[in-house]
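Single-structure report; data block below.
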Amino acid sequence: MRDGAVQTGENRYRETFGRYFEDFKIGDVYEHRPGRTISEADNTWFTLLTMNQHPLHFDAEYAKHSEFGKPIVNSAFTLALVAGMSVSDVSQKAIANLGWTDISMPAPVFNGDTLYAESEVKEKRMSKSRPTQGMVTVETRAHKQDGSLVMKYQRIVLVPKRGHSVDDKVLAAENGE
1463 MRDGAVQTGE
1473 NRYRETFGRY
1483 FEDFKIGDVY
1493 EHRPGRTISE
1503 ADNTWFTLLT
1513 MNQHPLHFDA
1523 EYAKHSEFGK
1533 PIVNSAFTLA
1543 LVAGMSVSDV
1553 SQKAIANLGW
1563 TDISMPAPVF
1573 NGDTLYAESE
1583 VKEKRMSKSR
1593 PTQGMVTVET
1603 RAHKQDGSLV
1613 MKYQRIVLVP
1623 KRGHSVDDKV
1633 LAAENGE
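Converting from the sequence shown to this note's numbering requires adding 1462 to each position, the first position being numbered 1.
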């Protein structure tokens, strides 16, 4: 049986995802792959879905007169995408996101750019009120295909200790425990 799989019965295995509190080590960096190329449809749909009506995100003629010369990707979409890229490494087992801080966007993102992300564990501590859970702080950084930094933020997630995740409870219930 490989790491990341649990035995659910005789000759049966289920892939598991995410990390427990004990798995995080300060200074570790998780590279989130694969990267993601942003399409014009991604940007337009997200922008209109969230009722952001700034034409800089979807009107090429308008955007051509801006300092960028073309539409820029909605920064809320960039944040959502980068956060999503980090889930399997950082928060797949999380109970909650406790906070987001220091969000910065030092360079624009354009349709057709490919983003890559990584998260570094900055801090971790046990919860004072929840003995089976701990708080992990990560700094997530996103780069474009040319290596330029386009986003950085810190996130605090509440993560279960081994044996106390929802996955663990589901497996126990399925086994009649």
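The beta-carbon is built from N, C-alpha and C at its ideal position, and this holds for glycine as well.
Legend entry - DSSP bridge partner residues for V1600 (one or two, in chain order): V1583, R1617
Legend entry - Collapsed DSSP secondary structure at F1486 in the structure displayed: coil
Legend entry - Beta-carbon proximity list for K1606, same chain, < 6 angstroms, skipping 5 on both sides: D1575, V1612
Legend entry - Euclidean distance between Cα positions of A1545 and F1479: 16 angstroms
Legend entry - Same chain only: Cβ atoms within 6 angstroms of T1540, ignoring 5 sequence neighbours per side: V1571, M1613
Legend entry - Residues that H1626 bridges to, as DSSP identifies them: According to DSSP, H1626 bridges with nothing at all.
Inset, instruction - Give me the Cα-Cα distance between E1639 and R1587, rounded to the nearest whole angstrom. - result: 30 angstroms
Legend entry - Separation of S1501 from K1526, as counted between CA atoms: 18 angstroms
Inset, instruction - Please report the residue range of the beta strand (DSSP E) in which D1564 lies. - result: 1558-1566
Inset, instruction - Select from V1535, N1536, L1518 the residue whose C-alpha is nearest the C-alpha of S1528. - result: L1518
Inset, instruction - Grab me the residues of G1497's own chain with a C-beta within less than 7 angstroms of its C-beta, minus the 5 sequence neighbours each way, in chain order. - result: T1576, L1577, Y1578
Inset, instruction - Count the other CB atoms, across all protein chains shown, that sit within 10 Å of the CB of A1604; report buried if there are 16 or more and exposed otherwise. - result: buried
Legend entry - Chain-order list of residues whose beta-carbon lies under 6 angstroms from that of V1535 (same chain, five-residue window excluded): I1500, N1505, V1571
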